[in-house]
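Participant: Here the protein sequences come in this chain order: A and B. Per the working numbering, numbering of the first sequence is gapless, rising by one per residue and ending at 152. Per the working numbering, numbering of the second sequence is gapless, rising by one per residue and ending at 1152. Ideal Cβ positions, reconstructed from N, Cα and C, are used throughout, including at glycine.
2 protein chains.
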Amino acid sequence: MTEHTQTDDAGTTPATSARFSQARAAQSMAVLEDYAEMIDDLTAEMGEARITDIAARMGVTHPTATKAVARLKREGLANSRPYRGVFLTEAGAALAARVRARHRVVVDLLVAVGVPNETAELDAEGLEHHVSEVTLRAFEAFLDAARGGSAA
Amino acid sequence: MTEHTQTDDAGTTPATSARFSQARAAQSMAVLEDYAEMIDDLTAEMGEARITDIAARMGVTHPTATKAVARLKREGLANSRPYRGVFLTEAGAALAARVRARHRVVVDLLVAVGVPNETAELDAEGLEHHVSEVTLRAFEAFLDAARGGSAA
DNA sequence: CGGAATTTAAAGCCTCGGCTACACTTCTGT
DNA sequence: ACAGAAGTGTAGCCGAGGCTTTAAATTCCG
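1. Measure the alpha-carbon distance for Ala1056/B versus Ala112/A and round it to whole angstroms.
2. When the Cα of Ser1017/B is compared with those of Ile54/A, Phe87/A and Lys73/A, which residue comes out closest?
3. Select from Gly76/A, His130/A, Ala96/A and Val105/A the residue whose C-alpha is nearest the C-alpha of Ala120/A.
4. Measuring alpha carbon to alpha carbon, tell me which residue in Ser1132/B, Leu1110/B and Gly1092/B is nearest Leu1122/B.
5. Using only CA atoms, which one of Val134/A, Ala49/A, Ala30/A and Ala36/A lies nearest to Tyr83/A?
6. For Gly126/A and Ala1101/B, I'd like the C-alpha separation in whole angstroms.
7. Mapping DSSP to helix, strand and coil, what is Ser1132/B?
8. Looking at Ala1030/B: is its Cβ nearer than 9 Å to the Cβ of His1103/B?
9. Could you tell me if Glu1033/B is buried or exposed, where buried requires 16 or more neighbouring beta carbons within 10 angstroms of its beta carbon?
10. Compile a chain-ordered list of the residues in the stretch 1058–1072 of chain B whose CB is closer than 7 Å to at least one CB of chain A.
11. Sort out for me which residues DSSP pairs Leu1088/B with in a bridge.
12. What distance in whole Å lies between the Cβ atoms of Ala1094/B and Val1086/B, which are believed to be in contact at a cut-off of 8 Å?
13. So with CB distances below 7 Å, who are the chain B contacts of Glu33/A?
14. Since Gly126/A meets chain B, which of its residues come closer than 8 Å, beta carbon to beta carbon?
15. Could you pull out every residue in the same chain whose Cβ sits closer than 8 Å to the Cβ of Glu140/A, ignoring the five residues on either side in sequence?
16. Going by DSSP, what residue range makes up the alpha helix (DSSP H) through Ala120/A?
17. Counting only beta-carbon atoms, is Thr1012/B nearer than 9 Å to chain A?
18. Which one of Ser1028/B, Arg1074/B, Arg1019/B and Met1038/B has the shortest CA to CA distance from Arg19/A?
19. Given Ala26/A, which residues of its chain have a CB within under 7 Å of its CB, disregarding the five upstream and five downstream residues?
20. Taking 6 Å as the limit between beta carbons, can you name the residues of its chain near Asp108/A, skipping five residues before and five after?
21. Report the residue from Lys1067/B, Arg1098/B and Lys1073/B whose alpha carbon sits nearest the alpha carbon of Leu1088/B.
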């Protein structure tokens, strides 16, 4: 059944390793995405995102959150003033919006196929970062069809 | 100390750190799962899993593969003799089997909701590690219903 | 205004998962 | 049988992402 290892030679790079590489890269982006979305949330809710709040919500310590924000800034996704909270750049806000939309779609899809709500929320947190554009659109189409086709 | 953010996580509170912690933990397990499955594949195909082959398939260098195997051994999932191949323990083989089965289900689910086959395979590689037991069973049930309900 | 509390930053340490470089063992071909 | 090739192991480095501790800065309140 498992036909994903068709190359038995020891030199070329089969599609196999490429897949793992891609998964690795996606995982590398995951944390940034989470932080961006979190900052967006906090900004919307409280007017600004403070390191302390970010850390609390992410379940990490302040220094860890600071480091993450530093990376965000390095990537041009956010900027911050000394004691004045963290703000997303245009790019960061766009990323957050994309992440949030994707998250919702993933949760909806999970629920649509019968996953309990809480589980869907929980799993989506890990899943969403690995959902490609193509898959995301497929999810949307499926949800659309399910709602429009048989719904009520 | 400051308990101001985790007052109610039942429904509307946007973020509970537990979710992220879980996602982080799952991610930590992902590599081990991939290696276990890979070793299982290689053992089945070639009689033994050699470091070089593992490395080649995973798309990493041998030292990296060696490190991963060391971790596998530490976790009681594999064992190896100095210049011999790597073998999975009972636990490791069980893990590999579980991972493979889950991969299959995830791919099938993706395809069932309209994701193109190749994309499904690609995305599943990243997704599968974050699919909880509950979600996995929901997937199976959905697939079962879809097959039983509309096909032979 | 001045001190306490809060918040941020900085430094040091850990694990994990990559890498290169180099050493050593095993295998193999002449 | 031995030398070289191939494979394996080890050491050391890096970046990411965690942590704790310590220090500094800011804000707030008496």
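Facilitator: Looking at the coordinates:
1. Working through the second sequence from its first residue, we reach residue 1056/B at position 56. Working through the first sequence from its first residue, we reach residue 112/A at position 112. Pairing Ala1056/B with Ala112/A, the inter-Cα distance amounts to about 39 Å.
2. Within the second sequence, numbered from 1, the residue matching residue 1017/B stands at position 17. Here the closest residue by C-alpha is Ile54/A.
3. Taking the first residue of the first sequence as position 1, residue 120/A is located at position 120. The candidate whose alpha carbon is nearest that of Ala120/A is Val105/A.
4. The residue given as residue 1122/B occupies position 122 in the second sequence. The option with the nearest alpha carbon to Leu1122/B is Leu1110/B.
5. The count along the first sequence starts at 1 and reaches residue 83/A at position 83. Measuring from the Cα of Tyr83/A, the nearest candidate turns out to be Ala49/A.
6. Stepping through the first sequence from its first residue, residue 126/A is reached at position 126. Stepping through the second sequence from its first residue, residue 1101/B is reached at position 101. Their backbone Cα atoms lie some 19 Å apart in a straight line.
7. Mapped onto the second sequence, residue 1132/B falls at position 132. Ser1132/B falls in the coil class under three-state DSSP.
8. Sequence index remark: in the second sequence, residue 1030/B carries index 30 (1-based). Sequence index remark: in the second sequence, residue 1103/B carries index 103 (1-based). No. Outside cutoff.
9. Position 33 of the second sequence, counting from 1, holds the residue named residue 1033/B. With a threshold of 16 other beta carbon atoms within 10 Å, Glu1033/B meets it and is buried.
10. So the close ones are Met1058 and Gly1059.
11. As a first step, residue 1088/B must be located in the second sequence, where it is residue number 88. Beta-bridge pairing links Leu1088/B to Ala1078/B.
12. Along the second sequence, read from residue 1 onward, the residue named residue 1086/B stands at position 86. Along the second sequence, read from residue 1 onward, the residue named residue 1094/B stands at position 94. Between the beta-carbon of Val1086/B and that of Ala1094/B there is about 16 Å, and that puts the pair past the 8 Å contact cut.
13. Locating residue 33/A in the first sequence gives position 33, counting from the first residue. Under the 7 Å cutoff, chain B gives no residues; its nearest Cβ is about 11 Å from Glu33/A.
14. Position 126 of the first sequence, counted from the first residue, corresponds to residue 126/A. Close partners of Gly126/A in chain B (Cβ separation under 8 Å): Gln1022, Ala1023, Ala1026, Gln1027, His1129 and His1130.
15. Within the first sequence, numbered from 1, the residue matching residue 140/A stands at position 140. Excluding positions up to five away in sequence, the list reads Val105.
16. Walking along the first sequence from the start, residue 120/A turns up at place 120. That run of the alpha helix (DSSP H) goes Asn117 to Leu127.
17. Locating residue 1012/B in the second sequence gives position 12, where the first residue counts as 1. Only weak support is given to the placement of Thr1012/B: the predicted model assigns it a pLDDT of 33, under 50, and the value that follows is read from those uncertain coordinates. No - not a single Cβ of chain A is within 9 Å of the one on Thr1012/B.
18. By one-based count along the first sequence, residue 19/A stands at place 19. Its Cα nearest to that of Arg19/A, the residue Met1038/B stands out among Ser1028/B, Arg1074/B, Arg1019/B and Met1038/B.
19. Position 26 of the first sequence, counting from 1, holds the residue named residue 26/A. Counting only Cβ-Cβ distances below 7 Å, and skipping sequence neighbours, we find His129 and His130.
20. Taking the first residue of the first sequence as position 1, residue 108/A is located at position 108. Leu143, listed in sequence order.
21. Taking the first residue of the second sequence as 1, we reach residue 1088/B at position 88. Comparing Cα-Cα distances from Leu1088/B to each of Lys1067/B, Arg1098/B and Lys1073/B, the minimum goes to Lys1073/B.
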